[in-house]
Amino acid sequence: MPPQFWTNLGLATAIGLGVALLLWLLRGSVVVRRVRVSALLTALVLGLYLVSLGLAADPNSLLVRLDLALVILLGANTLLQLFDWVFWDYLLGQRRHVTVPRLVVDVFNFIVLALITLAVLNRVFGVQDLSALLVTSTVVSAVIGLAVQDTLGNVVAGLALQAEQPFTVGDWVKVSGEEGQVVQMAWRTITLRTRDNHNVLLPNTNVAKEYIVNYSRPTPLQRMRAEVGVAYGHPPGAVKQVLAQAVAEAPGVAPTPAPQVQVQAYGDFAVQYVIFYWITDFARVPEIHDAVMTRLWYALGRAGMTIPFPLRDVSVRVLGEDHASRESARRQSEVFAELRRITLFAPLSDDQIAHLAQRAALQRYAAGERLVRQGEAGQSLFVVKSGQVRVDVRREAGPVTTVGRHGPDSFFGEMSLLTGEPRSASVIAETEVEVVVLDKAALASLIEGDTHVLEALSEALASRLRSTAEQLAAGAGDQKSPGPTPSALLGRIRRFFGIGSN
1 MPPQFWTNLG LATAIGLGVA LLLWLLRGSV VVRRVRVSAL LTALVLGLYL
51 VSLGLAADPN SLLVRLDLAL VILLGANTLL QLFDWVFWDY LLGQRRHVTV
101 PRLVVDVFNF IVLALITLAV LNRVFGVQDL SALLVTSTVV SAVIGLAVQD
151 TLGNVVAGLA LQAEQPFTVG DWVKVSGEEG QVVQMAWRTI TLRTRDNHNV
201 LLPNTNVAKE YIVNYSRPTP LQRMRAEVGV AYGHPPGAVK QVLAQAVAEA
251 PGVAPTPAPQ VQVQAYGDFA VQYVIFYWIT DFARVPEIHD AVMTRLWYAL
301 GRAGMTIPFP LRDVSVRVLG EDHASRESAR RQSEVFAELR RITLFAPLSD
351 DQIAHLAQRA ALQRYAAGER LVRQGEAGQS LFVVKSGQVR VDVRREAGPV
401 TTVGRHGPDS FFGEMSLLTG EPRSASVIAE TEVEVVVLDK AALASLIEGD
451 THVLEALSEA LASRLRSTAE QLAAGAGDQK SPGPTPSALL GRIRRFFGIG
501 SN
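So the sequence shown is numbered by the numbering used here: it starts at 1 and just counts up by one.
Next up, the structure:
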C-alpha cells in the first residue's frame, strides 16, 4: 500500500469518529436532530474520498472526481440545513417573529444547490460548455413536465401565491368553503387547520382559482352579527339599548367600535333585531358568539322583555282563573323569604317585609356578568338568592383586588339603597346568579307610611358597617375604625329620601 493510503485512512477515521462524537455530545440539540443524517453521510463520503485518493494512481481519475463531487454536494446540503435553522428559524422566526413559508425556503435551497451543481460540473468534471447541457436538460425537463403538469401547475400556483401573499402562515382564512388557520404553505398544497383540529390540504391550483376570505388582514378586527327576536309589545328604542349594553360587556367583544343594533324585520311572532359587534380574535368566534347570545337572554329577562317562539307541539292544559295570581303569590313568597333572612331588615315587621316583596324584582345574571360597577351611582340593594358573586375593588388606579365573595342569603349595595352613595366595589357573577333587587322607589313607598322605619334601618346599617370594619381591621392587623354613628347615617338617609328631621 502507498504510504499516502495509511495517512489518508487515519485522517478519514479521525474525521468520522470526530463527527460521530460531536453529534453524540450534542444529540439533544434541535440543530443536530436536523443535520445528523446529512453530516454523517458527508463524513462517510469524505472518508471514502480520502481513501480512494490514497489508493488511486491518478488523482484525476473518474472515481476520485465522483467522490469529490459527492463530498461537495453533501457538504453543501449540510451547510444549507444549518443555514435554514440559523437564519430562517432562529433569526427570523424566533428573534423577529417573522414566519417564512416553507415553499420560499425550498426554492432558495434548490437554487443554491443548482448553482453548486453547475460549479461542480465545471470545476471538477471540466464541463466547459454548460449551455449545451442546459439545452439538453431543458428538453428533458419539457418531457418530464408534460408527464407531471398537474404537479408543476401546483408549484407555479404556489409561487404565485407567495408573490401576491393574499395570506401568510397563521392567518385565518376561508377558501373553497373551508375555514381554518393556515399552518403550512408547501410546493403542492396549502394546509388549513380547522377549529375541529382537522388538517385540510388544498391544492395550490384550486386555491389560486377560488375566492379567498382573509379574516386576519388588513387587521384582526372583524365585524360579527347576532340575531334575536323580541315580542312586539316592547318599544324598539328600549330593546336596542338593552341589547347593545348586553353585547358590549360580553367577553371577547372589542370595546370599539361599539355594538350597533338594527331592526331587521317584522316576523310572525317577533320583531327581529340584528346586533353587529367587533372581535379581534377570530379563533374564538364560537366562544364569543355563545357569550353574546347568553348575555342577550339574561339581559332581556332582567328587562322584562320576552323572546317569543312558535309552538310546534300542542299540549292541552286547563288553567284556573287564579293561575296568574298563584304564580305571583309564589314569587312574592320567595322574595319575602329572602328579604326576611337578611340582617339589615331584621327590625322590620312581616307586613313591612311583605310590602317590600311586592315591589322587589327577581333578576338573573350569567356567569361573568357585572351586577354593579365600582364608582357608578346606585340606588338598589341586591340579595343573592342562588349562585355566587365576586367582589372586586380597584384602589387609586392600581390592580383589581378580590376582597370577598357572596353566596345565597348574602346581600350588598345597602349604602347605595339608603344613602345613594356610589358603588364602593364591582360585583361580578362567578356562576349563574339569581338575585332579589330592591330599589329606592320600593323603600320610599314604605317610608311614606312610617318614617320611624328610617331609625331602625340606620341602627341596623351602622351595626353592619361596624362589623365589616372590624373584620377588615382584623385581617389587616390595624386598629378598628369606629365608623359612622347611627345618627349620622340617619341624617344622610333623610337627605337622600328628601325627608326633613322631626
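Backbone N, C-alpha and C fix where the C-beta goes; we use that ideal spot for every residue, glycine too.
Only a predicted model underlies this, so the values are computations on that prediction, with no experimental measurement involved.
Gln222 is positioned such that its CB atom lies closer than 7 Å to that of Ile279. Listed as beta-bridge partners of Asn214 by DSSP are Val173. Ile353 and Asn214 have their C-alpha atoms some 60 Å from each other.
The continuous stretches of alpha helix (DSSP H) do not include Gly229, which lies in the beta strand (DSSP E) extending over residues Gln222 to Val230. Counting along the chain, Asp392 sits inside no alpha helix (DSSP H); it lies in the beta strand (DSSP E) bounded by residues Val389 to Arg394. Around the Cβ of Leu454, a 10 Å sphere holds 16 or more other Cβ atoms; the residue is buried. Following the DSSP letters along the chain, one finds Leu92 in no beta strand (DSSP E), marked with neither H nor E. Gln358 counts as exposed, since fewer than 16 other C-beta atoms from the protein chains shown sit within 10 angstroms of its C-beta. Taking a cut-off of 8 Å for Cβ pairs, the stretch 374-389 and the stretch 421-437 touch, as three or more such pairs fall below it. By the neighbour-count criterion, in which 16 or more other beta carbons inside 10 Å mark a residue as buried, Ala441 falls on the exposed side.
Val169 has its alpha-carbon roughly 34 Å from the corresponding atom of Arg295.
Fewer than three beta-carbon pairs drawn from the stretch 187-200 and the stretch 240-257 are found closer than 8 Å, and the two stretches are therefore not classed as touching. Looking at the backbone, the Cα of Glu421 and that of Arg464 are separated by about 16 Å.
In the three-state reduction of the DSSP assignment, Thr402 falls in the strand class, which pools E and B. Here Met185 carries a strand assignment [DSSP, helix/strand/coil]. Of the residues Leu70, Asn77, Phe411 and Trp88, the one whose Cα lies closest to the Cα of Val120 is Leu70. Between the stretch 443-462 and the stretch 341-352, the count of Cβ pairs shorter than 8 Å is three or higher; the stretches touch.
The beta-bridge partner set that DSSP reports for Ser380 consists of Asp439.
Distances from the CA of Val239 to each of Val261, Arg341 and Glu432 were compared; the closest alpha carbon is that of Val261. Where Pro286 is concerned, the enclosing alpha helix (DSSP H) starts and stops at Val285 to Arg302. When the beta-carbon positions are compared, Tyr365 and Val433 come within less than 7 Å of each other. In this chain, the alpha helix (DSSP H) harbouring Asn206 covers Asn204 to Lys209. Counting only residues of its own chain and dropping the five nearest sequence neighbours on each side, Ala462 has a CB closer than 6 Å to the CB of Pro486 and Leu489. DSSP places Ala429 inside the beta strand (DSSP E), whose first and last residues are Ser426 to Ala429. Secondary structure at Glu178: strand, using DSSP grouped into helix, strand and coil. When DSSP states are grouped into helix, strand and coil, Arg423 belongs to the coil group.
Counting along the chain, Ala238 sits inside the alpha helix (DSSP H) bounded by residues Pro236 to Ala248.
Classified as buried, Thr42 has 16 or more neighbouring CB atoms from the shown chains inside 10 Å of its CB. Judged by DSSP in its simplified three-state form, Glu327 adopts helix.
Nearest to Leu362 by alpha-carbon distance, out of Leu417, Tyr298 and His406, is Tyr298.
Counted as a single uninterrupted DSSP element, the alpha helix (DSSP H) harbouring Gln81 occupies residues Leu62 to Phe83. Ranked by how close their Cα comes to the Cα of Asn109, the residues Leu92, Phe125 and Phe83 have Phe83 in first place. Between Asp106 and Trp172 a beta carbon distance of about 25 Å is seen, past the 8 Å cut, so the two are scored as non-contacting. When secondary structure is reduced to three states using DSSP, Leu362 falls in the strand class. For Phe167, the secondary structure class from DSSP, reduced to helix, strand or coil, is coil. Residue state for Val372 is assigned as strand, using DSSP reduced to three classes.
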